[in-house]
Every structure is written in C-alpha cells, then in structure tokens.
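A.B. asks:
Numbering (full-length UniProt numbering), first residue to last: 1 to 685.
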C-alpha cells in the first residue's frame, strides 16, 4: 500500500505554481497548488494526464475551450493538448495529477483524422505586400503559396479557414517609389495594389479578404484608437532620442532612406531590420551609415518619437511562444535578442505619409507601418466577419480565434516578438493563439531577385492557365523553407518536361489508353487479389499518411508534400511496370483487372492529395477519372467506382515550357535594394 498526503510545506516552484512529487504509484504523479489569481504556465506534453481537483475552484483552459473546475472535478488530458489551470476563487486550488506515456495515444493525437482546429475560426495571413511593385517568384514561393495550400488542406479536413492579406499602403517604401516615379504615394499604392491582386489571381490564390488600407474608410480611425490603447497602457510613451538626418536635405532617415552595417551581425542592411540575422536596429546604431537621398554620411540629431522598451516584455514573448506553433528559428531569434540589455523600439516616426496618432505628442509623426500591421490583421478579420455576418471585432478579439501567419524570416521580429507584446498591451483581455510559418529567401540563378538589375522572373511573365500547376509544383518542391534555395529556368523547364510531362502525364495517358483498349473506357472492378496487390494498397495507404503529415500544421512543408506527390507517382509507375508482363501475356484477366483498378485508385488519390498544391490539375484529373473535384481529404485509399468513364488519354494536363512574357512597366521598380530586402516576406521594399 502507498499513502501520500498533501503537504504544503513540501512544495516547490514549478510551472508557475507550487508542486510536490508523489512517488511509487507506477506513473508520474504530483500534488499542485495554485494560489488565488494565479495560473500555471501553458503546458503541452506527450504524456496523457489525469487531473483531479481536490480543493478550491478555478478554470481549466484546453486550447480555446474554458471549463470551470472545483473539488471533485476529474479531467483527462490527451497528449499535446495545450492546457492551463487557473485559480478564479479566493482559496488555494489543490489538485493531484498523474501522467504517463502511451506511444499509440500520442501518435493518434499528433496525427488526427480531422482538422486539429475543430470548429474554431482559422484566420490564415500571408504577410501584406508593400505596393511599390508587382510580385515575382521569390514573393510567390514564400507566404502566398504556403498560406493558400494550408487553407485548402484545412478546408478539406472540415476546418473553417480563410486566407487574408492586404496592401500595406503606408510603408516608407511606397514614398520612395512615388518619388522615383514622379507620382503621389496614394497613386503608387493604388496602382501596385491592383497589380499584386491580379498576380495572385493568376497564381490560383483566391483571397477571402484583401484589405487596401488607404482605401478602407474605417481603417484610419480604428488604427488611431488601437494606438491610443497602446499609449494608455503606459508602456509606450513619447521620448526624445538620437536620430539620423540627411546632410543635404535634412530629411529624417529610417528604413529605405539609410543603409549601413548591421549592429548585430555586421552584414549590409537598410534601416530598422536586418534580413540576414533578423535583428532590429535603431538606425543610429548602424555601422558606417549612408543617407539614401544624398549618398553622404548622415548627421546625428534628435527626434521625438513614441518608444516601446521591448526588453521589459521578454516574459510576455516567452509565454506567448509556449502556446502556438513557433519554429525553433524564431525561438532562437527571441533568445538572442533578449540577451541585449535594452531594446528600445520607436513605434512612430516623423513623416507625412501614414497615419498620425490622436495624441498631441504625435503631431508631425506617423504610426510606424509595422505596429500598424499588427492592428491590420485584426481589422481584416473584422472586415471578413462583416461580409460573412459574423460578430468578429478588431477591438474585441476572441480567445477561440486561431491565427496562422506565413511570412519571410526578415519579418520574424515583427510577427513573433513585437506583435505579441503589442497585443498584450492594447488588448490585455485577449490571449492570442498564433501559429507561425516562416520561409527564407528564394534566389534566382544563385543571386537575390533584383528588379533594378532585371534579375527576376515576375508572376505575370510565367503564369497562365497552362503553366500555373507546373509553377506551383516547382515552387512547392523548391520553396526555401529551412534554407535559401535557388530558382533557375533550366531546372524549372527540366522538372516540367521530365517529371510532370515525362512521368506523371505519360503514366496517366498510358493508363487511360489501357482502360480504353481493354475496358471500353470505363473503370473496371477489382477481381482476384494477389499478395503484391495487397502490398501496393498498403503502400498507397502509407503514402496517404505521409502526404497528410506534410500538410498538417505541426509538420507543414510544401517541400515534403511535393516530394510525396512525386513518390506516389513513382511508386505507381513501378507497380504498373511490374504488373505489365502479366497483362501482356494475356493470362489471369481477374488479376489484371485488380492491378488496373489499383492504378486508377492511385490516380484518384493523386487528385485528392494534389488539391492543396495544384488545385487546377487536381480538378481536371478528377474529371478525367469520372469523379467530382475533390472536396474532402480521404480517410483511406478508395477504388474508383466501377463503370466510371475514364478520359485520361484525351487530356493534356501539362504543357511544354514557353518563353517568358515581356517585363511590363508594372514590374519596373528601380530601387537597388527592393527585392533584396524582403522578397521572402512578400514586401516589395
């Protein structure tokens, strides 16, 4: 017999509360005490956990759901469920926990059949592009293709998911483009915003919300109110501080108008952020700064701006990162950044293009475009809700909102460090649940995309109805997810010719011709099964599991998804060749029928699995199999219904590469650092 009693004097600090172990039960076990007004830190672990409340009352938050608990409440927590125990009463909340590892249960929780998001609204953002130029393949390969494929997969698994982005009109890079083109900033923003939207349409990336910030009548007053909330928190205040100015014009310098050496890593960078190491700078700490307007050494002076002492909020960032999907790359950036003694971030700048705060101290300043973007995401959700008849309000975000961000690494500081702090200050009652998906740069022929050197492939040059599937597949396959990758036209054309046409299409045409020749153009029913047939069915089922794993939030990788699609075709071609000898011999027709039915099942699986990455191809393939366009992710491998009309041999799914179209005026930005600064993020600055 083992008897253990709660002993408050034997507890020690752990997980934000007081805990003491219970030994000898055969599982992990512990007493826990949560003081009034206190909550545990966010927990997510691989063990199954049994929680028994023995005294007090409070609340158990599991994901976005909140459950009242009191003495006598028992809860079983599945592996990987994010949970927090909070004391909402006036006396100590005491609980006993037991936890143990169950490998099968953990695997089941890690790979659910349905969407992990359940019935929660899922808002998927691709970072808003700066409207100072059009989109090239470097932009498209990153946030936009990633967010689109994510939303498509989530919808196939029953989630209510939407893709949102917008035009980041009030960037300083718009001012620079307007100056170069001799137009107003508003004209430049409106023109390129429309060009960007059209390129996304050509890429088969439909948007559920596209906010044009300078054209939205409710945006400006709502942003000012958001900024006032930040100021009212007491954490952001106006302060005079050192700043750089152009020696000839006296212009205040930041972002596009100044460059120098990054104080963190030493690499060349523009003002405010380093694309290589991801760390922010305050412009005055640049090494060897050069003023953009005159090309001379800047003059140091003083400017009044609203400033956030970010270093005071390190714990808030770490707490936020425990809840959502935060890749190790972003956690490392935060850890590196908060080793600094101070991180004072100006959140407003002197200027006349942008939105001036309500506050009297904000005169002559504009709210910096990056904190503005934090509000813009919430505003986009509100605008989407207004169209859908949903009560989603930017000023009152709900805890059940699931937010998912896709962006380039050079935007990591803003999204994963600055914005969570701003949300906590302006909206203290909201606990945002945000997943982050980050990409690196895509190079072109080994160099950064550059519009000034015409070193780019623009979306409108390569995209049309015949090429979009091939472009999406190639970019998915070569997307810079972990490290910088390289795009070359030769590699793209080889992949199109050898893989998509030479392997995928060749197999589908051959399969269609065999069905036409031997089964009158309709799908045969399976006949007698050999062990090899059963083995191939199991192989298809394993491939289905791998495809799903590559698109789920925790393991999302379009590189892996494209590789699994290609492996599915390769597996089937190998199976087809192995079975061909029996068919050519003319014997055992029942076994040949089964092999053909299995090949058609593989094609039907390909149509489903390709839908997130290559939706147009997937729909046409389904039609050629006599089936409707896939709407749900398959739970298992299914045979085509016997008698379905098969027209695979009659359809051209992929077309040979064609010469690139001309570079239009819409693409001809001239700033020497525009694509080199943030093409991975979607900004064209």
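For glycine and all other residues, C-beta sits at the position ideal for the given N, C-alpha and C. Treat the numbers as computed from the prediction; the structure is a model and nothing was measured.
Just the C-alpha distance for residue 566 and residue 404, rounded to the nearest angstrom, thanks.
C.D. replies: Their Cα atoms are separated by approximately 27 Å.
A.B. asks: Can you name, in chain order, every residue of its own chain whose Cβ lies under 6 Å from the Cβ of residue 614, other than the five neighbours on each side?
C.D. replies: Cβ neighbours of residue 614 beyond the five flanking positions: 469, 472, 473.
A.B. asks: What does the Cβ neighbour count give for residue 298, buried or exposed, with the cut at 16 atoms within 10 Å?
C.D. replies: Looking at its Cβ environment, which holds 16 or more other Cβ atoms inside 10 Å, residue 298 is buried.
A.B. asks: Just list the alpha helix (DSSP H) runs in the stretch 204-258, keeping only unbroken ones of 4 residues or longer that don't cross its boundaries, in chain order.
C.D. replies: Qualifying alpha helix (DSSP H) stretches, in chain order: 219-232.
A.B. asks: Per the contact definition of three or more C-beta pairs closer than 8 Å, is the stretch 227-243 in contact with the stretch 299-312?
C.D. replies: Yes: at least three Cβ pairs fall under 8 Å.
A.B. asks: Can you tell which of 13, 19, 14 has its C-alpha closest to the C-alpha of residue 7?
C.D. replies: Minimum Cα distance to residue 7 is reached at 19.
A.B. asks: If residue 370 sits next to residue 349, beta carbons under 8 Å apart, how far is it from one beta carbon to the other, in whole angstroms?
C.D. replies: That belief does not hold up - the Cβ atoms of residue 370 and residue 349 are roughly 10 Å apart, past 8 Å.
A.B. asks: Let me confirm a value: residue 129 is counted as buried when at least 16 other C-beta atoms fall within 10 Å, else exposed. Which label applies?
C.D. replies: Its Cβ being crowded by 16 or more others within 10 Å, residue 129 is buried.
A.B. asks: In the DSSP assignment, the beta strand (DSSP E) including residue 310 goes from what residue to what residue?
C.D. replies: Counting along the chain, residue 310 falls outside any beta strand (DSSP E), and DSSP gives it neither H nor E.
A.B. asks: Which residues in the same chain have their Cβ closer than 7 Å to the Cβ of residue 37, if we skip the five residues on either side of it in sequence?
C.D. replies: Result list for residue 37: 87, in chain order.
A.B. asks: Check each candidate in 341, 277, 646 and name the one with the smallest Cα separation from residue 329.
C.D. replies: Residue 329 has its Cα closest to that of 277, out of 341, 277, 646.
A.B. asks: Which partner residues of residue 300 appear in the DSSP bridge assignment?
C.D. replies: According to DSSP, which records beta bridges pairwise, residue 300 is partnered with 244.
A.B. asks: At 3 residues or longer, what runs of the beta strand (DSSP E) sit wholly inside the UniProt domain "Cupin type-2" (33-97)?
C.D. replies: Runs of the beta strand (DSSP E) inside the UniProt domain "Cupin type-2" (33-97): 48-55, 57-62, 65-70, 74-77, 83-87.
A.B. asks: Need the endpoints of the beta strand (DSSP E) that residue 366 sits in, please.
C.D. replies: Per DSSP, residue 366 belongs to the beta strand (DSSP E) from 365-367.
A.B. asks: How long is the line joining the alpha carbons of residue 167 and residue 485, rounded to whole angstroms?
C.D. replies: Near 27 Å, if we compare the C-alpha coordinates of residue 485 and residue 167.
A.B. asks: So the alpha helix (DSSP H) residue 478 belongs to, where does it begin and stop?
C.D. replies: Here the alpha helix (DSSP H) through residue 478 covers 468-478.
A.B. asks: Can you check DSSP and say which residues form a bridge with residue 448?
C.D. replies: Per DSSP, 443.
A.B. asks: With DSSP as the reference, label residue 557 as helix, strand or coil.
C.D. replies: Coil, per DSSP.
A.B. asks: Threshold first: 3 residues or longer. Then list the beta strand (DSSP E) segments lying entirely within the stretch 133-215, N to C.
C.D. replies: List check, beta strand (DSSP E) in window: 160-167, 209-212.
A.B. asks: By the 10 Å Cβ neighbour count, where 16 or more other Cβ atoms means buried, how is residue 244 classified, buried or exposed?
C.D. replies: Counting Cβ neighbours within 10 Å, residue 244 comes out buried, since at least 16 surround it.
A.B. asks: By the three-class DSSP mapping on this structure, what secondary structure does residue 646 have?
C.D. replies: Correct three-state label for residue 646: coil.
A.B. asks: Check residue 396 in the structure and name its three-state DSSP category.
C.D. replies: Coil.
A.B. asks: When we look at the beta-carbon of residue 185 and count the other beta-carbons within 10 Å, is it buried (16 or more) or exposed?
C.D. replies: By the neighbour-count rule (16 or more Cβ atoms within 10 Å), residue 185 is buried.
A.B. asks: Can you tell me the Cα-Cα spacing of residue 667 and residue 458, whole angstroms?
C.D. replies: Its pLDDT being 48, under 50, residue 667 is placed unreliably by the model, and nothing is read from it.
A.B. asks: Mind checking which residues open and close the alpha helix (DSSP H) that includes residue 459?
C.D. replies: Here the alpha helix (DSSP H) through residue 459 covers 459-462.
A.B. asks: Can you find a C-beta in chain C that's less than 7 Å from the C-beta of residue 548?
C.D. replies: As a matter of chain content, chain C is missing from the structure shown, which is built from one protein chain.
A.B. asks: Name the residue from 247, 124, 661 whose alpha carbon lies nearest to the alpha carbon of residue 461.
C.D. replies: Nearest C-alpha to residue 461: 661.
A.B. asks: Could you check the C-alpha separation between residue 263 and residue 412 for me, to the nearest Å?
C.D. replies: Cα-Cα distance, rounded: 17 Å.
A.B. asks: Any idea what DSSP makes of residue 486, helix, strand or coil?
C.D. replies: In the structure shown, residue 486 sits in a strand (DSSP, three-state: E or B).
A.B. asks: Taking a contact to mean a Cβ-Cβ separation below 7 Å, would you say residue 52 touches residue 60 in this structure?
C.D. replies: Their beta carbons are not under 7 Å apart, which means residue 52 does not touch residue 60 by this criterion.
A.B. asks: With a CB to CB cut of under 6 Å and the five nearest residues on each side skipped, what residues in its chain are close to residue 141?
C.D. replies: Closer than 6 Å at the Cβ level, and outside the excluded window around residue 141, lie 442, 475, 479.
A.B. asks: Is it right to say residue 579 is buried, meaning 16 or more other beta carbons lie within 10 angstroms of its own, or is it exposed?
C.D. replies: So residue 579 counts as buried.
A.B. asks: Can you give the Cα-Cα distance for residue 436 and residue 558, rounded to whole angstroms?
C.D. replies: Computed Cα separation, rounded: 15 Å.
A.B. asks: Indicate the three-state DSSP secondary structure (helix, strand or coil) for residue 567 in the structure shown.
C.D. replies: Residue 567: helix per DSSP, three-state reduction.
A.B. asks: What residues in its chain sit with their C-beta under 7 Å from that of residue 210, if we drop five residues either side in the sequence?
C.D. replies: Same-chain partners within the cutoff: 165, 166, 197.
A.B. asks: With DSSP as the reference, please indicate the residues paired to residue 18 in a beta bridge.
C.D. replies: Answer by DSSP bridge pairing, in chain order: 13, 33.
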